[in-house]
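Per the UniProt record's numbering, the sequence shown runs over residues 1 to 273.
Data block below; observations after.
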Amino acid sequence: LSDPSTFIQNAISEVKNTALLGGLLAIFVLYMFLRRINHTLIIGVAIPVSIVATFAAMYMFDVSLNIMSLGGLALGVGMLVDNSIVVLESIFRCREEGDSIRHASIRGTSEVGGAVFASTLTTIAVFFPIVFVQGIAGQVFGDMSLTVVFALLTSLLVALFFIPMLASRRIEGSEGSVLQKLAQADILRLKTTPFGKVKGYNPNTDGTDEPTDNTDPSADISGHQRTTGLSVRAFWTSLSRIPRLLFEWIWRTAAILTTILSVLLKAIFLLLF
């Protein structure tokens with residue numbers, strides 16, 4: 001006789017590892033783009049806090065920990081930091097404009113709060129109707145959709161209340177900030193002629209442009225090009241794993257079906273003879 005519990009335990013373990021790996025990769029990608037450990041840690045804190053709050057919501061609505069619910073949690077891990085990134089960027093922009101830490105946290109959150117709320121609702125509107133599906137499909141995907149909805153709601157609350165609190169204690173403005181360099185790189189790209197030559201100017205921190213003859217755009221955007229190239233390579237590497245994952249899933253499903261068929265044949269043989 002086969003023991004299907006082993007397959008279920010292995011599947012749940014793989015889903016847990018996938019969710020953990022997804023969270024770590026999200027934090028790593030954030031650091032590659034932000035290049036500031038404080039900002040990366042602030043946004044990274046949103047992941048475990050949102051997951052713990054999601055578990056609390058799952059307990060309140062009697063959603064058990066199974067393959068589908070954990071799969072929904074793994075699906076939502078990548079979206080847990082979206083709202084936090086938007087809020088933190090707005091707070092940092094206000095801080096760069098000269099606001100105090102407390103005022104920057106309040107103004108930055110209030111400016112993007114409505115947009116973040118509407119964006120989260122549009123995503124919830126995709127997953128929440130699955131809860132009302134009847135039959136086997138509703139039983140299979142209901143827990144997953146509820147888990148994604150809970151994760152998105154908790155990430156929204158974390159972004160609007162928890163992230164501003166951390167930002168008010170950790171963010172400091174600086175002239176050489178990453179976001180400011182990104183803005184300067186955008187100006188360089190806008191000033192580029194169709195022939196690839198950059199008009200001589202030097203973007204200052206106060207928003208004025210002074211003519212110059214030795215502006216080198218590659219010095220400002222080469223780091224961002226390397227980061228973008230690394231992200232593209234990682235994306236294509238992950239796509240190359242899809243055929244292998246599909247093969248493993250089909251093989252395991254076929255093994256389960258073979259086991260079920262053999263058990264049924266044995267039962268029929270015993271009943272007849």
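Even glycine gets a Cβ: it sits at the ideal position worked out from N, Cα and C.
Query                                                                                                                                                       : Result
Measuring only the C-alpha atoms, how far is Ser262 from Ile268?                                                                                            : 10 Å
Phe162: buried (16+ other C-beta within 10 angstroms of its C-beta) or exposed?                                                                             : buried
Which whole-angstrom value describes the C-beta separation of Ile124 and Leu152, a residue pair presumed to lie in contact below a C-beta threshold of 8 Å? : 6 Å
Check whether the region 68-82 touches the region 135-152, taking contact to mean three or more Cβ pairs, one atom from each stretch, closer than 8 Å.      : yes
So, helix, strand or coil for Gly200, using DSSP?                                                                                                           : With a pLDDT of only 44 at Gly200, under 50, the local geometry of the prediction cannot be trusted, and the value read off the model is given with reservation. Note: Gly200 maps to coil in three-state DSSP.
Let me know if Leu239 comes out buried or exposed under the rule of 16 or more other beta-carbons within 10 Å of its beta-carbon.                           : exposed
Would you mind working out which of Ala137, Val140, Ile51, Asn83 sits nearest Gly108, comparing C-alpha positions?                                          : Asn83
State yes or no: is the C-beta of Leu65 within less than 9 Å of the C-beta of Phe117?                                                                       : no
Under 8 Å: do the region 122-137 and the region 90-109 share three or more Cβ pairs, one atom per stretch?                                                  : no
Give the single residue among Ala53, Ala234, Ser69 whose Cα lies nearest to the Cα of Val140.                                                               : Ser69
Express the C-alpha separation of Ile47 and Asp99 in angstroms, rounding to a whole number.                                                                 : 28 Å
Can you round the beta-carbon distance between Ile130 and Ser145 to whole angstroms, since I take them to be within the 8 Å contact cut?                    : 4 Å
Specify the secondary structure class of Leu41 as computed by DSSP and reduced to three states.                                                             : helix
Using the Cα positions of Ser50 and Thr147, report the straight-line distance between them to the nearest angstrom.                                         : 11 Å
For Gly173 and Cys94, what's the separation of their Cα atoms in angstroms?                                                                                 : With a pLDDT of only 49 at Gly173, under the threshold of 50, the placement of this residue in the model should not be trusted; the figure read from the coordinates follows. The straight-line gap from Cα to Cα measures roughly 9 Å.
Provide the residue span of the alpha helix (DSSP H) that contains Leu65, from first to last.                                                               : Taken as a continuous stretch (DSSP letters only), Leu65 belongs to no alpha helix (DSSP H), as it is neither H nor E.
Would you tell me roughly how many angstroms separate the C-alpha atoms of Ser231 and Leu121, rounded to the nearest one?                                   : 28 Å
Express the C-alpha separation of Arg169 and Ala185 in angstroms, rounding to a whole number.                                                               : Confidence at Ala185 is low in this model, with a pLDDT of 44, below 50, so the placement of that residue should be treated as unreliable; the coordinate-derived value is given next. Rounded to whole angstroms, Ala185 to Arg169 spans 29 Å at the Cα level.
Is the CB-CB distance between Ser155 and Met32 below 9 Å?                                                                                                   : no
Can you tell me the Cα-Cα spacing of Ile42 and Ile27, whole angstroms?                                                                                      : 10 Å
Beta carbon of Ile12, beta carbon of Ile67: below 9 Å?                                                                                                      : yes
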